[in-house]
Structures are given as C-alpha cells and as structure tokens.
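Numbering (my numbering), first residue to last: 138 to 717.
Everything below concerns the one structure shown next.
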RNA sequence: GACCCCAUAGCUCAGCUGGAUAGAGCGUCGGCCUCCGGAGCCGAAGGUCGCAGGUUCGAAUCCUGCUGGGGUCGCCA
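Okay, here's the thing in structure tokens:
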C-alpha cells in the first residue's frame, strides 16, 4: 500500500464530509515525531479561501479523521495543522500483509506505459570512461525501478557507431596498420584513432583521405563496411565485459548506424512540415521564426536565434538528424508513449530543441531529458588521470574492487574463503561506486573520492549491504526460514519498533516516487533511514532472546527490513551479499 | 552578447506541489562491546539557508534585482 496516498485520500474524504468541499489535503510526514506521524495542512489554505478560522476548520477535519481505525489521534496544532497519529495495531496489520506479499507491499501502477530508457551510449573504438559512468548507472537503475512498478520498459544502448570518426579510423588503419585490424583490441583501436586524428590536423591530404573513406563507408562500400563491422565487434566484446562486471543489461542496442537509412525521411518530414530552411548551405530549423506561423517555440527557444541544423552544407547529417529519426522509431515502431534520455545535463539545450521539433512533427509522446552533472575529483575539477586523460571505466572499477578487498581483509568480521572474499569484494566495490552516484541528486555535479567511497560508513552502499547481511545473520543464527517467514500480525511495543515500523510503511511510496520522477536518491535516502532505524531497533530490542508474540513480531520486522534493503539494492542495480 | 544551472554546518550533500524549532554523513568532542555481525549505536558542539527587496497567515522553497561560481549557444556528439 502507498501509505501517503492512502492518508491523503482519507484526509480529502474527511474534508469533504466535514466541510462539504473537495479540496487538497496537503498531507505531509511530520518533521518532528512530537507532532505525530503525518500532518494535514489543507485547512489553512481552505480557511483563507473561505475567510474562516483555520483552527475551526482543522478541528472539524480532525473530528472526522479520528473516526477512522487507522488513526489513533488527530489534533489541531499551531495555526491550523491537523496532526495525525497512526494506530499501531493498524500499522502492524499492514506490515503483516506486506510480509505475505511477493512485491513487498508495492502495488503496480494503474496505467502501464511503454517506456524507452536511453542510457550509457558509449562510442565505438573508444574505451568507456568516467563520462559514461553516471548514464550507465542511473539508466540501469531507472530501468529496473520503472519495470518493477509495472511499466513495460525498453532499455536501449544508443551507441555511437556511425559518423566522422570512422573515416579517420579506416584511413588510420590503412596508413599505420596496413589496413588490417586483426589482433587489435579496444585500446589499440583507440590508439589508431588518436594517431589518425592528430595526423588529420597536421596533414590536409590525410584529412582528405579520411573524408574519402567516410564517404565510401556511407555509400555502402562492402570492404569499408566489413572493416566497420570489425571495429564494432572488437568494441562490443569489450563493452560486454564492462557491462557484465557492472551487472548492466540492455534490451536493445540501436546505435546511430541503425537510423542511418531513415535520415532522408527525417529531412522530408521537417521539410514537409515547413520547419526547416537552408541557410549558409545548411538545412536549419530556426526556433525564433516559429512565432510567425502562429505557434511560437516553447520556453527559451522562442528567442533562440541559433539554428538546429539537420543537414550540413556538405550534405552530411548530424546527431540532431539521427535523434529525430530515433524519436520516430520509438514512436512508430516501438510504440513507446514515453522516452527517457539519460544524458549529461550539458546537452539540455539540444534536447529542448529536439523535443520541440518532435512535438511539431506530431509525435505524441512524453520525451524527457534526465540530465546529470559532471563527475569531479576531490578538488572539484572534472575527474581525469594525472596526464589529463579521461579515466577508463575499467580502471575505475578495478580500483574500487581492489580497495573493497583490502578493507574486507583488514576488517575481517566474518571468515570467508578466499574465492568468496574476492567475489564479495567485487559486489561491495562496484556497489559502493553505484551507490555513491545514485545517492546524490543527479543534476548536481558530484565529487568522486575513493577514500570516502570505500570507507563504508554512513550513507554508503557497503553499509546497506552490511545492514542486510546482519538481518540475514539473525535468521541463520536462529535457524529460521527468512524467506518463508509469515506472521498473522505484528505487535509494536518499544519505541524503536514503532519507529522502524513507520519507516517500513513508506517503502511503496518511495519506490513509486523515485521511479516516476527518475530520482533514485529518494530510494537511497529511504534505505539509509531504514538501516538506521533498524540499527536502533537492533540495539534496543533483542530478537532471538525474546519470546512469544514479541519474538515473532520482531522477527517480522527483521524480515521486512531485510526484504526492503535487498529489494532496494537490487532496484538500484546493487548486489546484496549474504556475508561480508 | 544571449540563455541555462548552482550558492544550505569546517567538508560532502538532503530538504518532496510554500508549512511548525532547516536535516544527514564525514570531521571534532563525550559516552556504549558478559548481549542476535562495533563496517555499529547514543549524545554534544556547529548554520545571518550568497546579498537586497517583494508576494504570503507562513519563504531555504515562489517573483525581481545584484554578487560569486559552473555550463551552453551554425555545420562534433
């Protein structure tokens, strides 16, 4: 059950019965437990409208609310707050229901959508680096959250497998490698590309050769195409390794090359819609001119003088063209009603432009740019190697795993065989990296600091894995089946039990809100609060040594905590571990 | 030049469609291992929410201006 929704509905009904009007209840969790569990703030807004005394209205609403069995108390406070205290027996009954629910009390959405999530998007012939970290982690988490709440989700890796870099790559391969990519790995490819790109700057005839190679490839030359395919295969092998390490998967790999055949259609479409005109030889869309046709461009685009170019003066297409084709495909072929682009926030303007064009072309779907900030080092500058190069994702993951292993060997709380230790260290290291990324508001830049990351304290991935492992430990010790644990009702006595129970009840709302608003940090916040409340409970309330309904109730709280922690971690793309 | 984003405790960050005394982690200081995992728990100190106005019963949150920082903007993605 979505608890906030439930009480919001309840409060609205109370307002309607008490005052005979439909009005927003404005239900919020209280900030301080002495004000109860939730507060209804609607009375104050309503009093203003009706020019009545807010406390009087609040009193009538409270009198109505208190009749409900879920409500233990409803009191008027301050200028017109209605403070609600939940009934512990009601909470206990709800928790017992969740314990018996394979979805841990999280309902499915009423209306399932088809949603494309576009994330990761690495380039061919380049190693993945920190710039791909957030898109990959965030995107994968969003896919699993949206899928869990009931949407039909298509995770799509929109790889950069087409475009000017291939001219350079082929020309470079011919010049430096005799034209044979055999034996090259991803780093080798990248080296060829860098060498070629440098040569092209210094030597115009080489640059011409590269352009000629690109033209050959794009005109469908069989030999060029075969080389291209080898580049793709070499890169794909490397990408598969990285994604396997990260536990990241996709449903589709529809890269830029996939849309190439559709690009002439894009030009036809924008031309037919009178959106584009030639300027300085390029085919351009000018948003500031839309007003003349009576439909001004949305937001800041209305004043945007710089064009959205869909065809260069040399006739070549750009990513804008491809992106329009991508919207077409997602709408017409994938039948998606929503697409989410998990891409660096610096591309915000591009997406505003793209979405405006898509709307004008009549694609009735919800398009969202889920942006994120830059990964910075400890000093607040974009994270790079000492030489100023991008840090490869592979080396970053290596270090995370190595550091996790080191900590685990030093701390050594439980005895694990060496191979198991290494396996768990991987899950902990990768989990730490993912959690650190997801716990932060995605729009702000974030500081990546291995020292903090692997410290394993506080609001961190390892702490959450640790908390979950501790829960499992109780059941192992007591030789009780955790997965199959059921109880008819949960009795709440100790304050720590009551606090934990209230946090547990919030899970469904948190998961839905985090998924719908694409904000995984809401889920990490909940998991952290849960882990803390559990620790408090764990310190104050002996479980195995207690008896009767106290024992079964406490075991139920443990089981629910364990499930939420593990479920939450899985939704974030982090692997729970049994022991660490 | 235009536009966008950001500014909250020493540091890193939360703060939901405006709600009560602005929260957490790390760090600092002080407690807690006869007890189910101490990677833990409890407590304390620490903030003119960048500045100045405005709207409101009520503003970190909304509006305007200013300062400081970051970013983006015709043929890369």
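Here a beta-carbon is modelled for each residue, glycine too, at the ideal position from N, C-alpha and C.
Residue from the options whose Cα sits closest to the Cα of residue i
| i | options | result |
| --- | --- | --- |
| residue 275 | 386, 377, 547, 215 | 386 |
| residue 705 | 278, 465, 510, 225 | 278 |
| residue 325 | 368, 292, 557, 591 | 368 |
| residue 281 | 256, 441, 602, 265 | 256 |
| residue 527 | 263, 452, 440 | 263 |
| residue 507 | 443, 477, 496 | 477 |
| residue 144 | 451, 171, 157, 178 | 178 |
| residue 467 | 252, 688, 161 | 252 |
| residue 218 | 298, 606, 380, 164 | 164 |
| residue 182 | 191, 297, 175, 176 | 191 |
| residue 440 | 544, 422, 641 | 422 |
| residue 89 | 141, 572, 604, 500 | Because the chain is modelled from 138 through 717, residue 89 falls outside the range shown and cannot be assessed. |
| residue 403 | 337, 491, 473 | 491 |
| residue 284 | 347, 692, 653, 557 | 653 |
| residue 473 | 634, 486, 505, 159 | 505 |
| residue 244 | 613, 138, 405 | 138 |
| residue 232 | 514, 634, 497, 669 | 634 |
Residues that residue i bridges to, as DSSP identifies them
| i | result |
| --- | --- |
| residue 416 | 419 |
| residue 663 | BP columns for residue 663 are empty, so no partner. |
| residue 165 | 176 |
| residue 529 | 266 |
| residue 220 | 176, 212 |
| residue 460 | Partner(s): none; residue 460 has no beta bridge. |
| residue 583 | 512 |
| residue 519 | 513 |
| residue 506 | 478 |
| residue 454 | 448 |
CB of residue i within 8 Å of CB of residue j, strictly
| i | j | result |
| --- | --- | --- |
| residue 644 | residue 663 | yes |
| residue 400 | residue 459 | yes |
| residue 702 | residue 659 | no |
| residue 194 | residue 208 | no |
| residue 298 | residue 361 | no |
| residue 638 | residue 709 | no |
| residue 447 | residue 438 | no |
| residue 482 | residue 585 | no |
| residue 211 | residue 202 | yes |
| residue 690 | residue 479 | no |
| residue 419 | residue 449 | yes |
| residue 714 | residue 544 | no |
| residue 752 | residue 538 | Examination of residue 752 is not possible in this model, given that the chain is present from 138 through 717 alone. |
Counted within 10 angstroms of its Cβ, other Cβ atoms place residue i as buried (16 or more) or exposed
| i | result |
| --- | --- |
| residue 535 | exposed |
| residue 677 | exposed |
| residue 580 | exposed |
| residue 627 | buried |
| residue 168 | exposed |
| residue 470 | exposed |
| residue 554 | exposed |
| residue 81 | Because the chain here runs from 138 to 717, residue 81 falls outside it and cannot be looked at. |
| residue 532 | exposed |
| residue 350 | buried |
| residue 649 | buried |
| residue 463 | buried |
| residue 552 | exposed |
| residue 329 | buried |
| residue 411 | exposed |
| residue 269 | buried |
| residue 783 | Since the first residue of the chain shown is 138 and the last is 717, residue 783 is not available in this structure. |
| residue 680 | buried |
| residue 235 | buried |
| residue 598 | buried |
| residue 174 | buried |
| residue 301 | exposed |
| residue 259 | buried |
Unbroken beta strand (DSSP E) run spanning residue i, endpoints
| i | result |
| --- | --- |
| residue 567 | Run containing residue 567: none in the beta strand (DSSP E); it sits in the alpha helix (DSSP H), 555–575. |
| residue 293 | 289–293 |
| residue 699 | It is not in any beta strand (DSSP E) - residue 699 instead sits in the alpha helix (DSSP H) that spans 685–709. |
| residue 143 | Premise fails: residue 143 lies in the alpha helix (DSSP H), 140–156, not in any beta strand (DSSP E). |
| residue 649 | Careful: residue 649 lies outside any beta strand (DSSP E), inside the alpha helix (DSSP H) at 644–653. |
| residue 448 | 445–448 |
Extent of the continuous alpha helix (DSSP H) to which residue i belongs
| i | result |
| --- | --- |
| residue 371 | 359–383 |
| residue 201 | 191–202 |
| residue 600 | 598–615 |
| residue 487 | 485–497 |
| residue 403 | 400–409 |
| residue 336 | 323–339 |
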